[in-house]
Every structure is written in C-alpha cells, then in structure tokens.
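Participant:
In my numbering, the protein residues as written are 6 to 236.
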C-alpha cells in the first residue's frame, strides 16, 4: 500500500498499498522478564560473539550481556537466553562483516548498468556501484519478513519523496525512494537486525538512507536478489 505523500495524487496499483506498512513498524518492547539461568543451544557461539569466556555454561554475567544485545536489537523475549533467533542475528552480523568492501565478489549484481543500487537479501546488505566500482556501502538493511518478502529482480527508482508519510497509518517514512510498487528504500528508527523484518521495504539507518537519497535519482536501476533468512 503505497500512500501518496502530501504532494499530489498518483493512482497506483493494488501493490502500491503496501508502503505504509513497510517497516515503519518496530518490534514490540522488550518483555519485562527475569534473566534466565538456563543455557541455550547456541551458548558457546553466543559467548564467543560477545567476548565472554566460552565454557558453554550460563552465568549471571553471560545472561546480562546476552540480554543487553537482545534489548539493543529488539529481540524478544529479552531474557538472556542463547537461542536460535539471537544466534541467527549474530551469525548474520559475522557474515556481513566477512564481506568487507567486496560485496559483489560473486558478480550477481549487474555491472553493465552504470549506477545501480544492489540489495542482497541473503546477507541483508545493500550498496551502490557504478559499473564495477563500489560507490557506497555495503550497509546492513532490513528487508521483508516471511509473507511480505522484498521482491527480487531488476527494477528502477520511479518515485522519490523526502518527507513521505503514510496517510493511512500516519507513519513517517523519510528519504523514500520507491522502486517496485509500494516497496522502497527508506529510513527507520529500529535496529537493522531487528527481527523479523519489514513488510517489504528496504529499511536503512537515517545516515544510509540520506546517502542513498544523495546518490540515486529517478530512473536509476535497483537489483534485488537472494533470499532473506527465515523466508
């Protein structure tokens, strides 16, 4: 559902009614629950990620560190349990870090289109390249959750609205750049690793969305590929 901003009426198809929902929604507040004394199935992996002693046993300090990570990224319930969701976020972070400054090493994003914004759903990364030259990124993004997947394929930026607002839900979607129906790049105020994901848009931090706004223009290509974990 793409909602038309305050600048004019544009009649779009049914798919354009999706944008207002798109990740303007954040995660529910962390539950007020006690810190668990139980070790999780990913205890050692989580301990290593957080720089804790890797002994596979839950301690009060382990629980406190895990819980702080969960609260930071909107993982619920935030009780310090080293479960699959928490480890999944950490594992994704590790994989994103491993990419370094060569996000298109496999050559999956076209290099014959000039300036293009690439979105790797599998790694939840996006970047802008010009031919084979990396212009900006890669940066972590938050794409569509299961049932609201960000659609793959070659697209184009067709409409931009710096101060876009969903008139139906009264939700701000700053730096919106629409490229497929109601799906757009735009900034959100939640962690890029906040599960389960958006309702289809490619969410970005304010800093990255602002940079994309300055680097892209109407008519520029966008290429989305891969598959978001859990979809």
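C-beta atoms are modelled at their ideal positions from N, C-alpha and C, and glycine is treated no differently.
Because the structure is a prediction, the values reported are computed rather than measured.
1) To the nearest angstrom, how far is it from the Cα of residue 236 to the Cα of residue 113?
2) Can you tell which of 101, 186, 194 and 141 has its C-alpha closest to the C-alpha of residue 179?
3) Under the assumption that residue 129 contacts residue 121 (Cβ atoms under 8 angstroms), give the Cβ distance between them as a whole number of angstroms.
4) Can you look up residue 180 in the DSSP assignment and give me helix, strand or coil?
5) Please determine if the segment 202-218 and the segment 104-118 are in contact, where contact requires at least 3 C-beta pairs separated by less than 8 angstroms.
6) Looking only at its own chain, which residues have a Cβ that is under 7 angstroms from the Cβ of residue 59, when we skip the five neighbours before and after it?
7) Could you check the C-alpha separation between residue 144 and residue 62 for me, to the nearest Å?
8) Where does residue 189 land, buried or exposed, given buried means 16+ other C-beta within 10 angstroms?
9) Roughly how many whole angstroms lie between the Cα atoms of residue 10 and residue 187?
10) From the DSSP output, in three-state form, read off residue 164 for me.
11) Could you name the residues of the same chain whose beta carbon sits closer than 6 angstroms to that of residue 123, not counting the 5 residues immediately before and after it, in chain order?
12) Among 142, 157 and 167, which has the Cα closest to the Cα of residue 1?
13) Mapping DSSP to helix, strand and coil, what is residue 153?
14) Which one or two residues does DSSP pair with residue 208 in a beta bridge?
15) What does DSSP give as the partner residues of residue 124 in its beta bridges?
16) To the nearest angstrom, report how far apart residue 221 and residue 83 are at their CA atoms.
17) Tell me which same chain residues have a C-beta within less than 6 angstroms of the C-beta of residue 47, skipping the five on either side of it?
18) Can you tell me the Cα-Cα spacing of residue 154 and residue 204, whole angstroms?
19) Measure the C-alpha to C-alpha separation of residue 137 and residue 116 and round it to an integer number of angstroms.
Facilitator: Quick answer:
1) Numbered from 1 along the chain shown, position 231 holds the residue referred to as residue 236. Numbered from 1 along the chain shown, position 108 holds the residue referred to as residue 113. If you take the alpha carbons of residue 236 and residue 113, they lie about 20 angstroms apart.
2) Against the chain shown, residue 179 aligns to sequence position 174. Per the Cα distances, 194.
3) Your numbering for residue 129 matches position 124 in the chain shown. Your numbering for residue 121 matches position 116 in the chain shown. At roughly 18 angstroms, the Cβ-Cβ gap does not stay under 8 angstroms, so residue 129 and residue 121 are not in contact.
4) Counting from one through the chain shown, the residue named residue 180 turns up at place 175. In the structure shown, residue 180 sits in a strand (DSSP, three-state: E or B).
5) no
6) Here the question's residue 59 lines up with position 54 in the chain shown. Result list for residue 59: 49, 52 and 53, in chain order.
7) Taking the chain shown and counting its residues from 1, one reaches residue 144 at position 139. Taking the chain shown and counting its residues from 1, one reaches residue 62 at position 57. Going by the C-alpha atoms only, they are around 34 angstroms apart.
8) Your numbering for residue 189 matches position 184 in the chain shown. Buried, because 16 or more other Cβ atoms sit within 10 Å of the Cβ of residue 189.
9) Translated into positions along the chain shown, residue 10 becomes position 5. Translated into positions along the chain shown, residue 187 becomes position 182. Unreliable placement is indicated for residue 10, whose pLDDT of 43 sits below 50; the coordinate value is still reported in the next sentence. Distance between the alpha carbons of residue 10 and residue 187: 12 angstroms.
10) Taking the first residue of the chain shown as 1, we reach residue 164 at position 159. If DSSP states are grouped into helix, strand and coil, residue 164 belongs with the strands.
11) Counting from 1 along the chain shown, the entry for residue 123 is found at position 118. 114, 132 and 228, listed in sequence order.
12) Outside the shown range of the chain (6 to 236) lies residue 1, about which nothing can therefore be said.
13) Here residue 153 refers to the residue found at position 148 of the chain shown. Correct three-state label for residue 153: coil.
14) Residue mapping note: residue 208 aligns to position 203 of the chain shown, counting from 1. The partner list for residue 208 (beta bridge, DSSP) reads 147 and 191.
15) Start at 1 with the first residue of the chain shown, and residue 124 comes out as number 119. Paired residue(s): 131 and 229.
16) Start at 1 with the first residue of the chain shown, and residue 221 comes out as number 216. Start at 1 with the first residue of the chain shown, and residue 83 comes out as number 78. The alpha-carbon atoms of residue 221 and residue 83 are separated by roughly 38 angstroms.
17) Within the chain shown, numbered from 1, the residue matching residue 47 stands at position 42. Within the same chain, residue 47 has close Cβ partners 87 and 92.
18) For this step, residue 154 is matched to residue 149 along the chain shown. For this step, residue 204 is matched to residue 199 along the chain shown. About 7 angstroms.
19) Counted from its first residue, the chain shown places residue 137 at position 132. Counted from its first residue, the chain shown places residue 116 at position 111. If I take the Cα positions, the gap works out to 5 angstroms.
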